[in-house]
Amino acid sequence: MKIITLLFILFLSGIKGYSQKLCGVQVTPERVSFERARMPSLPPSPASTISNAVPKCCLGKTLSMTMWVVKDSTGQPNISNATLTQAVTNLNAIFAPICLSFSICSINYIDDWNYDSLYFPDENGQLYALYQTANTINVYWSRTIATDPTTTVAGLGSLPGGSETIFMTKGSALGKTFAHETGHFFGLHHTFETSFGSELVDGSNCTTAGDLVCDTPADPHGGNTPAPDCQLDPYTKDANGDWYVPQIGNIMSYYSDDCSCGFTVGQYDRMCQQYLTLRFNLW
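Under our numbering, the residues of the sequence shown are numbered 1431 to 1713, in order.
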């Protein structure tokens, strides 16, 4: 059955219109309840009140990453140690504002080529059981990751409260995907998230809707959205009739890598808070 499913996935990957996304993270109803239970009981504050120019925290931590590289059917890893090292170097530059860095604890190889075309709904639990190293960030590298028979993704990071795991495709190691999934790992949501409610452009519900971060402007678009010259296209309005002006370059958006510029101060502060309360066991 698995072979049939994987052949179907590979067949669809060659069809125009086959759904491919940057990220496979989805906010479940359980996650919404989890977040709402932890939200501070503060009145909504407009995004314009966010004026701090630098993150509030400096964690002073270097966390270990255990790399798990799945070999293909011929025994080839198809990603070099140098590429993995460069991927972590890139990550360290992005997380430097909160004094958080990462080091490769070990690079391990998985000889079962079936996981090189990873079918996430069925096989992620198998990887946890077979290979997971406690108290480190386990990064699994496969050629493809499918979240259903018609959708592949470039990566998938476990949100805090879940496993200590990030899934990555080998071809996405040096783009923004690794930082995007690490952002999820430390509690960030997509800038266009609507599971908590749609964020208004004026920021009046920014603490309880959207991505729950007030200095990331409301973003109307999910999906791998083109942004010609790093501008929103097409321009749209929110429920109040205000025009969306999203931060096209935000790492947690789905806009092109060409526009990528980083995280906001509010996102850095949220990642610090999530680390200190939900990821503090990492070493």
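For each residue, glycine too, the CB sits at the ideal point set by N, CA and C.
With contacts defined as CB atoms closer than 9 Å, Ile1534 and Lys1600 fail to qualify as a contacting pair.
Boundaries of the alpha helix (DSSP H) around Met1701: 1695-1708.
Look at Ile1681 here: in three-state DSSP terms it is coil, with no helix or strand label. Taking a C-beta distance under 9 Å as the contact criterion, Arg1573 and Asp1502 qualify as a contact pair. The straight-line gap separating the alpha-carbon atoms of Ile1528 and Val1695 is approximately 10 Å.
Per the DSSP secondary-structure output, Val1583 pairs in a beta bridge with Lys1451, Ile1575.
Per DSSP, reduced to three states, the secondary structure at Ile1567 is strand. Counting other Cβ atoms within 10 Å of its Cβ, Gln1697 reaches 16 or more and is therefore classed as buried.
Remark: fewer than three beta-carbon pairs, one from each stretch, lie closer than 8 Å, so the stretch 1487-1502 and the stretch 1603-1623 are not flagged as touching. As the crow flies, the alpha-carbon of His1614 is around 15 Å from that of Ser1625.
For Asn1544, same chain residues with a beta-carbon under 6 Å away, outside a window of 5 residues either side, do not exist.
The residues Tyr1545, Tyr1570, in chain order, have a CB closer than 7 Å to that of Leu1557 in the same chain once the five nearest residues on each side in sequence are set aside. If only uninterrupted alpha helix (DSSP H) runs of at least 4 residues are considered, none is enclosed by the stretch 1494-1518.
Here the C-alpha atom of Tyr1674 lies approximately 10 Å from the C-alpha atom of Glu1629. In this structure the stretch 1590-1610 does not lie against the stretch 1633-1645, because fewer than three pairs of beta carbons, one per stretch, are closer than 8 Å.
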